[in-house]
Every structure is written in C-alpha cells, then in structure tokens.
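Structure first, commentary second.
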Amino acid sequence: MRVAVVCASQYGATLGIAERIGAELGLAGLDARVYDAAQPPHAEDVAGFDAFVVGSAVYMGHWLKDATTFVRRYQPTLLEHRIWLFSSGPLGSATTDADGTDVRESTVPAEIADFTNTVRPVGHRVFYGAIDPDALSLGHRVIRKFPGAAEKIPAGDFRNWPEIEAWAREIARALVTPA
Ligand SMILES: Cc1cc2nc3c(=O)[nH]c(=O)nc-3n(C[C@H](O)[C@H](O)[C@H](O)COP(=O)(O)O)c2cc1C
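To convert, note that position 130 of the sequence shown is 130 in the UniProt record's numbering; the numbers rise steadily by one, no gaps.
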C-alpha cells in the first residue's frame, strides 16, 4: 500500500509533522513517501498511490498555495482515493479562544469547506504548530508586531507528537481495512 504524504511548510514545522506521519505509517508497514508540496510527486506518478495525506501550515486563515495547488490540480485523482487532510496552525497552550470556541474549530482554514466537497477527505485535523520568531520573514515579523498579534502568535513549539502519531496510526488502521 503506497501512501503519499504531501505538505506545504514555510518554516519547517509542518514538514516535521508530515515526516512524523510518514514515519509512523512506515512503522505500520505502509510504503509512505513524504513530499514538499513545492516538489510534489510527478504528475504521472500521482495515480500510482493508494492513498494521500495532505497538509499545510496556516497563515492568515489559509493554507499555503503549494498545498491548495496540489489538491486542486489532482482533484479528480484524489477523489478516487482515500485522502486525509491536516493543518498546522494554532500556537500556545489555550484550547479555547476568547469566545469560548475550541481553538481547533476556530482555526480551521478557509479551504477545508471546499475540499470537503471536492476531494471528500476521510477526515481533517488541526494540529498545534510551532514558530521560531528569529526565523520569520520580514513580513511575518511585521504582522507579529500588530497590536495583540504576538499573543495570538506566541513563540515556541506546540506540536503534540503523541497526538500526531496516534492520528497516523488511525490512518494506517483504516488503510489496512478495505474502503
Ligand atoms: C504571520 C503569521 C500568521 C499566522 N496565521 C495563522 C492563522 O491564521 N491560523 C493559524 O492557525 N496559525 C497561524 N500561524 C501559525 C502557523 O501556521 C504555525 O506556526 C505553523 O505551525 C507554521 O508552520 P511552518 O513552519 O510549516 O510554516 C501564523 C503564524 C505567523 C508567523
């Protein structure tokens, strides 16, 4: 069973999540390959995968372009295969926002509603992400200086590895069960 894990990552936090998912799928006996969405599998190879896990970092409420381009370009193929989506976004340790809404719900990126219809993913997960302020582009540093932004974009690594691994194991279990 061949699985492509494709992700878009600006600074590496999401790529780290994708690599951990790929490693866990490998431990479960699946042939998992991890790709940066900027250098996805060749067009002629995409249909050769049995399943896909596609993820992106979230910026200003949206997936990165390379990830959305991959999903849109290969939509007909993805629709015919099992696909899981993930987003790496929220930072910090709060689980609810100012309105009391679960942070994982309020940070679901805009594209997911569309993808739910177009590629019918088995599921979509929001994972907490990571930011190293020293690594940020000038533009992102400026955004972090807006009033209130630094609290919403706190520095640190908030990736929950046990949760990410458990999700990958769920995917592996589903894949060894007929669709
Ligand atoms: C300028 C900026 C804007 C961000 N906007 C969002 C956002 O709208 N929603 C969200 O959940 N996370 C947001 N984040 C957090 C990142 O998505 C998160 O840190 C992610 O793990 C970074 O992944 P990467 O290193 O793969 O790019 C933002 C971070 C920065 C620096």
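We put the beta carbon where it would ideally sit given N, CA and C, even for glycine.
heavy atom of ligand 1 below 6 Å from residue i C-beta
i, result
"ALA130", "yes"
"HIS140", "yes"
"GLY156", "no"
"ILE112", "no"
"VAL103", "no"
"SER9", "yes"
"VAL46", "no"
"THR107", "yes"
"LEU85", "no"
"PRO40", "no"
"PRO178", "no"
"SER93", "no"
"GLY61", "yes"
"THR96", "no"
"THR118", "no"
Residue i versus residue j: straight-line alpha-carbon distance, rounded
i, j, result
"HIS42", "ASN160", "31 Å"
"ALA4", "PHE52", "5 Å"
"GLN10", "PRO162", "23 Å"
"LYS152", "GLY26", "35 Å"
"TYR59", "GLY89", "8 Å"
"residue 193", "PHE146", "Outside the shown range of the chain, which is 1 to 179, sits residue 193, and nothing can be said about it."
"VAL119", "ALA150", "35 Å"
"VAL142", "PRO178", "49 Å"
"ILE171", "ARG144", "35 Å"
"VAL34", "CYS7", "8 Å"
"SER87", "HIS140", "19 Å"
"LEU30", "GLY148", "44 Å"
Beta-bridge partners of residue i, as assigned by DSSP
i, result
"THR96", "ASP102"
"HIS62", "TYR59"
"ALA51", "VAL3, ARG82"
"ALA8", "SER56"
"ASP31", "ARG2"
"PHE127", "SER88"
"ASP114", "DSSP, once it has assigned bridges, lists no residue as partnering ASP114."
"GLY156", "ILE131"
"ASP45", "Answer by DSSP bridge pairing: none, since ASP45 is not bridged."
heavy atom of ligand 3 below 6 Å from residue i C-beta
i, result
"ALA4", "This structure lacks ligand 3; its bound ligands are ligand 1."
Is there contact between the stretch 42-61 and the stretch 76-95, where contact requires at least three CB pairs shorter than 8 Å?
Enough Cβ pairs lie closer than 8 Å, so yes.
Taking one C-beta from the stretch 128-135 and one from the stretch 59-77 each time, how about it: are there three or more such pairs within less than 8 Å?
no
Spell out a yes or no on whether the stretch 106-119 and the stretch 83-95 are touching, meaning 3 or more CB-CB pairs, one atom from each, closer than 8 Å.
yes
The stretch 164-175 contacting the stretch 15-34, beta-carbon criterion three pairs below 8 Å:
yes
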